[in-house]
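Participant: Positions in the sequence shown are counted from 1; adding 114 to them yields this note's numbering.
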Amino acid sequence: MALDSPRLLRADAARNAEKIIRAAREVFTEQGPDAHLDDVARRAGLATATLFRRFPDKAALLRAVLDQRFAENVRPAIQTAAHHPDPASGMAHVLEAALESVAGDYNVLAAARSAGVLTPATGQEFFAALDALLARGQHTGAIRADLVPDDLHRIVVMLVSVLWTMEPHENGWRRYLALVLDGLTPTGARPLPCPAPTLHTRTP
Numbered sequence: 115m116a117l118d119s120p121r122l123l124r125a126d127a128a129r130n131a132e133k134i135i136r137a138a139r140e141v142f143t144e145q146g147p148d149a150h151l152d153d154v155a156r157r158a159g160l161a162t163a164t165l166f167r168r169f170p171d172k173a174a175l176l177r178a179v180l181d182q183r184f185a186e187n188v189r190p191a192i193q194t195a196a197h198h199p200d201p202a203s204g205m206a207h208v209l210e211a212a213l214e215s216v217a218g219d220y221n222v223l224a225a226a227r228s229a230g231v232l233t234p235a236t237g238q239e240f241f242a243a244l245d246a247l248l249a250r251g252q253h254t255g256a257i258r259a260d261l262v263p264d265d266l267h268r269i270v271v272m273l274v275s276v277l278w279t280m281e282p283h284e285n286g287w288r289r290y291l292a293l294v295l296d297g298l299t300p301t302g303a304r305p306l307p308c309p310a311p312t313l314h315t316r317t318p
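Right under this line is the structure:
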């Protein structure tokens with residue numbers, strides 16, 4: 115097989131992309147939104163031109179980092195929760211995995227927000243999974259019946275916003291997640307005072 119065969123070239127490109135994404139997470143974690151792509155290329159041990167051939171700008175690279183982190187940390191939790199015998203525990207598992215991932219990538223998220231990467235489409239798969247878990251939990255009586263999907267979407271935004279009020283990598287978010295999870299159960303739940311308002315999505 116020739117060294118420049120399409121298969122080997124594709125494998126080499128895939129390895130380079132993986133190196134770049136891993137290096138980007140490290141560099142953005144250390145430097146935040148002000149990180150330079152030259153630093154990412156150096157960390158990956160590649161030429162800057164190689165980086166730009168795969169990722170034309172910072173936004174494209176950050177999207178790839180977020181996609182990889184979601185695939186590694188959150189999607190497996192969603193798949194587990196879909197078959198969990200207790201829908202409420204499954205929901206808790208997914209929310210914990212998501213918040214733990216966000217907390218661990220605090221500076222990466224800050225960079226993504228600064229680069230305009232965080233759009234409504236960014237969380238589409240995650241929120242669709244939550245909607246399905248909510249419906250399953252309500253069907254079994256494990257989650258209070260008066261919640262609507264928009265409520266859950268807002269609750270997630272509220273929980274993520276807590277992270278911006280504490281030092282990176284603190285576990286204080288677990289306190290507020292525990293409070294929210296208690297509020298999702300029907301036990302002792304008081305009627306909500308008004309219908310859920312229309313959800314307006316805005317780019318952060």
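From the three backbone atoms N, C-alpha and C, an ideal C-beta is built for every residue, glycine too.
Using a 10 Å radius around the Cβ and a threshold of 16 neighbouring Cβ atoms, would you call residue 318 buried or exposed?
Facilitator: Below a pLDDT of 50, predicted positions are generally treated as unreliable, and residue 318, at 42, falls in that range; the measurement from the model is reported next regardless. Classification of residue 318: exposed, given that the 10 Å Cβ count is below 16.
Participant: Curious, which full-length alpha helix (DSSP H) runs of at least 4 residues does the stretch 199-240 contain?
Facilitator: Runs of alpha helix (DSSP H) with 4 or more residues, each lying fully within the stretch 199-240, are found at 201-218 and 220-228, listed in chain order.
Participant: Output yes or no for whether 8 Å exceeds the beta carbon distance between residue 146 and residue 221.
Facilitator: yes
Participant: Which residues in the same chain have their Cβ closer than 6 Å to the Cβ of residue 137, if we skip the five residues on either side of it in sequence?
Facilitator: 154, 157 and 158
Participant: Quick check on the DSSP output: the alpha helix (DSSP H) that includes residue 272 runs from which residue to which?
Facilitator: 263-277
Participant: If you measure between the beta carbons of residue 162 and residue 130, is that distance less than 8 Å?
Facilitator: Residue 130 is positioned such that its CB atom lies no closer than 8 Å to that of residue 162.
Participant: Just to confirm before moving on: does the CB-CB distance between residue 237 and residue 173 stay below 8 Å?
Facilitator: no
Participant: Please identify the residue among 226, 256 and 266 whose C-alpha is closest to the C-alpha of residue 149.
Facilitator: 226
Participant: Would you call the CB atoms of residue 202 and residue 291 closer than 8 Å?
Facilitator: no
Participant: Please classify residue 255 as buried or exposed, where buried requires at least 16 other C-beta atoms within 10 Å of its C-beta.
Facilitator: Exposed, since its Cβ has fewer than 16 Cβ neighbours within 10 Å.
Participant: Tell me which residues share the same chain as residue 295 and place their Cβ nearer than 7 Å to its Cβ, disregarding the 5 neighbours each side in the sequence.
Facilitator: Beyond the five residues adjoining it in sequence on each side, residue 295 comes within less than 7 Å, by CB distance, of 206 in the same chain, given in chain order.
Participant: Taking 8 Å as the cut-off, decide whether the C-beta atoms of residue 179 and residue 192 are in contact.
Facilitator: no
Participant: Mind checking which residues open and close the alpha helix (DSSP H) that includes residue 257?
Facilitator: No alpha helix (DSSP H) contains residue 257, which DSSP labels as neither H nor E.
Participant: Give the C-beta separation of residue 274 and residue 216 to the nearest angstrom, bearing in mind that I take them to be a contact with Cβ-Cβ under 8 Å.
Facilitator: At roughly 6 Å, the Cβ-Cβ gap stays under 8 Å, so residue 274 and residue 216 are in contact.
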